[in-house]
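Novice:
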Amino acid sequence: MNIYTWRSGLREAGTVAVAILFLIPLFALVNMAIKPANSATTAFQIDPNVTFANFATAWTQGALGPALVNSFIVAIVTVAGSVVLSALASYPLARFTRRWSRWTYYLFIGGLLIPTQLGLLPLYTTMRDLGLLGSLASIILIGIGGQLPFSVFLYTTFMREMPQDYEEAALIDGCGPVRAFISVVFPLLKAVTGTVVILDAVGIWNDFFTPLLFLSGSGNATAPVAIYNFHGQFHTQWPLIFAALCITVLPILVLYFLLQKYIIRGFAGGLKG
Amino acid sequence: MTLVPLPILPSDTGRDADEAPAPGADPSARDRRSPGQDLHRRDRSLRDRSRGRRRTHIGVRAPLWFLFPALALYAFIVVLPTLRGGFFAFTDWNGIASTWQFVGVDNFFQVWDDRRARASVVNTVILAAIVTIVQNVIALGLALALNNTLKSRSALRVVFFAPVVLTPLVAGYIWSYLLAPNGAVNAFLDGVGLHALSHDWLGDPSTALLSVCAAVIWQFSGYAMVIYLAGLQAIPEEILEAATIDGAGSWRRFVSVILPLLNGAILINVMLSLIGSLKQFDQVMAMTGGGPGTATETISTAILKNAFSSGDYPVSIALAVVMTVLIAVLAGVQYRLTARKVN
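These protein sequence lines map, in sequence, to chains A and B. Each number in our numbering corresponds to the 1-based position in the first sequence with 266 added. Each number in our numbering corresponds to the 1-based position in the second sequence with 3 added.
(1) What residues from chain B crowd round residue 528 (chain A), counting only those whose CB sits closer than 9 angstroms?
(2) What separation, rounded to the nearest whole angstrom, lies between the Cα atoms of residue 520 (chain A) and residue 512 (chain A)?
(3) Do residue 420 (chain A) and residue 462 (chain A) count as a contact pair if the criterion is CB distance below 8 angstroms?
(4) According to DSSP, is residue 105 (chain B) part of a helix, a strand, or is it coil?
(5) Find out if the Cβ-Cβ distance for the pair residue 325 (chain B), residue 140 (chain B) is shorter than 8 angstroms.
(6) Looking at the strands, I want to know which residues DSSP matches up with residue 94 (chain B).
(7) Applying a beta-carbon distance threshold of less than 9 angstroms, which residues of chain A neighbour residue 164 (chain B)?
(8) Sort B:305, B:216, B:332, B:171 by Cα distance to residue 137 (chain B) and report the nearest one.
(9) Just the chain A side, please: which residues come within less than 7 angstroms of residue 229 (chain B) by C-beta, in chain order?
(10) Closer than 8 angstroms, CB to CB, is residue 304 (chain A) near chain B or not?
(11) With a threshold of 16 other CB atoms inside 10 Å of the CB of residue 176 (chain B), please say whether the residue is buried or exposed.
(12) Do we get a CB-CB distance below 8 angstroms when we pair residue 357 (chain A) with the residues of chain B?
(13) When the Cα atoms are used, what is the spatial distance from residue 310 (chain A) to residue 202 (chain B)?
(14) So, helix, strand or coil for residue 31 (chain B), using DSSP?
(15) DSSP three-state call for residue 51 (chain B): helix, strand or coil?
(16) Are the C-beta atoms of residue 338 (chain A) and some chain B residue less than 8 angstroms apart?
(17) What's the gap between the Cα of residue 42 (chain B) and the Cα of residue 431 (chain A)?
(18) How long is the line joining the alpha carbons of residue 195 (chain B) and residue 178 (chain B), rounded to whole angstroms?
(19) Determine, using beta carbons only, whether residue 344 (chain A) comes closer than 8 angstroms to chain B.
(20) Nearest CA to the CA of residue 303 (chain A): which residue from A:293, A:291, A:322?
(21) Please tell me whether residue 401 (chain A) has its Cβ less than 8 angstroms away from any Cβ of chain B.
(22) What first and last residue would you give for the alpha helix (DSSP H) that runs through residue 482 (chain A)?
(23) State whether the stretch 354-364 of chain A contacts the stretch 292-306 of chain A, with contact taken as three or more CB pairs (one from each stretch) at a distance under 8 angstroms.
(24) Assuming the contact rule is C-beta atoms closer than 8 angstroms, residue 150 (chain B) and residue 277 (chain A) should be a hit. Round their C-beta distance to whole Å, please.
(25) Residue 504 (chain A) versus chain B: which residues are under 8 angstroms apart at the beta carbon?
(26) Kindly indicate which residue of B:91, B:79, B:83, B:64 has the alpha-carbon position closest to the one of residue 317 (chain B).
(27) Exposed or buried, what is residue 456 (chain A) when buried is set at 16 or more other beta-carbons lying within 10 Å of its beta-carbon?
(28) Just checking, does the stretch 388-396 of chain A make contact with the stretch 291-300 of chain B on the three C-beta pairs under 8 angstroms criterion?
(29) Examine chain B for any beta-carbon lying closer than 8 angstroms to the beta-carbon of residue 486 (chain A), and answer yes or no.
(30) When you check each C-beta in the stretch 270-291 of chain B against every C-beta of chain A, which residues fall closer than 8 angstroms?
(31) Where in the stretch 199-229 of chain B do unbroken runs of the beta strand (DSSP E), each at least 3 residues long, occur, reported from the N-terminal end onward?
(32) So residue 398 (chain A) contacts chain B; which residues on that side make the cut at Cβ distance below 7 angstroms?
(33) Please report the Cβ distance between residue 286 (chain B) and residue 188 (chain B), rounded to the nearest whole angstrom; I am assuming they are in contact, meaning their Cβ atoms lie under 8 angstroms.
(34) Determine, using beta carbons only, whether residue 449 (chain A) comes closer than 8 angstroms to chain B.
(35) Taking residue 303 (chain B) as part of the alpha helix (DSSP H), name the residues at either end of that continuous run.
(36) Which residues bound the alpha helix (DSSP H) around residue 296 (chain B)?
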């Protein structure tokens, strides 16, 4: 199985062909964005008159700057909140073995199966009554709450397998439990924290449903909402739209290609016990 | 690396975590401990045994209040709204008035009577079925191909996974351009002389839903592939060699050895794509907005439209209950089917 034969070569050629098919939409995304607005070429053909004017126009016309800033704020605060809350909560959930701790754990895990749509309208009216509609705070709170089931699941399963000798040693050395958690336990969770950060960041950056609903009517927008509005405004000017698409996915794609090893491992590793 | 369906069926590792030695711990470590420590340990375990099940913590006492911030936020954002949503589905609550009345299952009859709502349920089930099946077949094929000695293996993995991190809304817009009447797919078909096949993919009700399925499959096959790859790499080489020695051909090896051993990965992947596509919203909004007519309306888009365009909260919330029941029933059936095969 480890020998590279002509059959492996054939298999490789076939797989590469499929990979090229997979890349075509991404190629079209970039190729369209660097064409002049009146180009007669299709998405697969390269127009020799490469231009970056679309990016400038999209940037100034689409209010993409403020939307990107909002997206960064939301992603950073949500990820930080989700890491802190779920790491803290998982510690007692993993260390106590009583019935209530198991049921609390199941309560969190249950959130993976229940669609957010069910609680959406009651949550919408609650946010409205609290005056939080249209604010970034509303989608940050919803983001953290929505990410909790998966983050708690990852942290708890990881911590259950973690030896307790270090905590015991810290305790014997006179550490309080809070101090032991901050200086001993949390640093040991580095691997799983990486997974949580990546999964949460991608999920929050790409989320469209929540900000569409909870930011609508306010001046605020995140990147996907800004793209949605932009498309509504310029819906046939494809080079312009594709430039805007490029701008909003650039941060996540750059992150992906820099950290692809960890991101792929994080997505796959999120599901192993 | 073990793949287990933990998100859905959490294992009870916590129960016996204190009896089993910690994984990775040096088994000889215990012997190196001083006798006094050992004595202390035995003493403690005796005391624990006398208290039986009442022992609540091991070694360090984890502060209980660590749980409260997460629990409070989770209750506020997820648990209470969900319970209220499930409850209001049986009332005429309209989101504004403070009074409401029980109307029984009336709202569900309204879902049945409402053309858009009914179409959305049917479309969602079709979409979920197509996406789940095709995506898993493609992903498994790619994973099997990449599990071999390919020179470009790691580069290919990066390529197939790239769409997964792309914003789904953006993926939808890219595809809506490629599939437009004067878009790239038709231009390609014309170019190779297959003009008869070129088509207004998203404007024709008979191909619009399939086009959305294609975009979703393109985007998320890489995710399923990565999970299958992890599953494949956990299969010991010796088992495959033993099957080969016993005279199994490659197809026989795949059906009788690899597939049963991939059961955990299949369970997770089918569950993920089912749940994901039953909630499908982003690509539909980008590609068709639910049209033409109601041809690509999904439950999620119908919930949004019924609540915020028509102000019809009761139908909207009843639709959310339908979605929840669909997820629960399909996930349960699927779990039963796959779990039986394990035994």
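The beta-carbon is built from N, C-alpha and C at its ideal position, and this holds for glycine as well.
Specialist: To lay it out plainly:
(1) By Cβ distance, chain B contributes nothing, its closest Cβ being about 12 angstroms from residue 528 (chain A), past 9 angstroms.
(2) 11 angstroms
(3) yes
(4) strand
(5) no
(6) B:105
(7) 522, 526, 529, 530, 533
(8) B:216
(9) Within chain A, 530, 533, 534 have C-beta atoms less than 7 angstroms from the C-beta of residue 229 (chain B), given in sequence order.
(10) Not closer than 8 angstroms to any Cβ of chain B, the Cβ of residue 304 (chain A) fails to qualify, so no.
(11) buried
(12) yes
(13) Rounded to the nearest angstrom, the gap between the Cα atoms of residue 310 (chain A) and residue 202 (chain B) is 18 angstroms.
(14) In this predicted model, residue 31 (chain B) has a pLDDT of only 43, less than 50, meaning its place in the structure is not dependable; the value taken from the coordinates is given anyway. Coil, per DSSP.
(15) Note that residue 51 (chain B) scores a pLDDT of 46, beneath 50, so its modelled location is shaky; the value from the coordinates is reported in the next line. In the structure shown, residue 51 (chain B) sits in a helix (DSSP, three-state: H, G or I).
(16) no
(17) Because residue 42 (chain B) sits at a pLDDT of 43, beneath the cut-off of 50, its placement in the model cannot be relied upon, and the following sentence gives the value as read from the coordinates. So the two alpha carbons sit approximately 17 angstroms from each other.
(18) Going from the Cα of residue 195 (chain B) to the Cα of residue 178 (chain B) covers about 20 angstroms.
(19) Between residue 344 (chain A) and chain B, the shortest Cβ-Cβ separation is not below 8 angstroms.
(20) When each option's Cα is compared against that of residue 303 (chain A), the closest is A:322.
(21) no
(22) Neither: residue 482 (chain A) is in no alpha helix (DSSP H) and is coded neither H nor E.
(23) Cβ pair count under 8 angstroms is below three, so no.
(24) Going by Cβ atoms, the distance from residue 150 (chain B) to residue 277 (chain A) rounds to 11 angstroms, so no, they are not a contact pair.
(25) Against chain B, the beta carbon of residue 504 (chain A) has neighbours under 8 angstroms at 180, listed in chain order.
(26) B:91
(27) exposed
(28) Taking 8 angstroms as the limit for Cβ pairs, the verdict is that the stretch 291-300 of chain B does not touch the stretch 388-396 of chain A.
(29) no
(30) Listed by position, the residues of the stretch 270-291 of chain B near chain A (Cβ gap below 8 angstroms) are 271, 278, 281, 282, 284, 285, 288, 289.
(31) Within the stretch 199-229 of chain B, no run of beta strand (DSSP E) reaches 3 residues while sitting entirely inside it.
(32) Correct list: empty, because the minimum Cβ distance to chain B is about 12 angstroms.
(33) Between residue 188 (chain B) and residue 286 (chain B) the Cβ distance is about 16 angstroms, and since that is not below 8 angstroms, they are no contact.
(34) no
(35) 302-311
(36) Here residue 296 (chain B) belongs to no alpha helix (DSSP H), and DSSP marks it neither H nor E.
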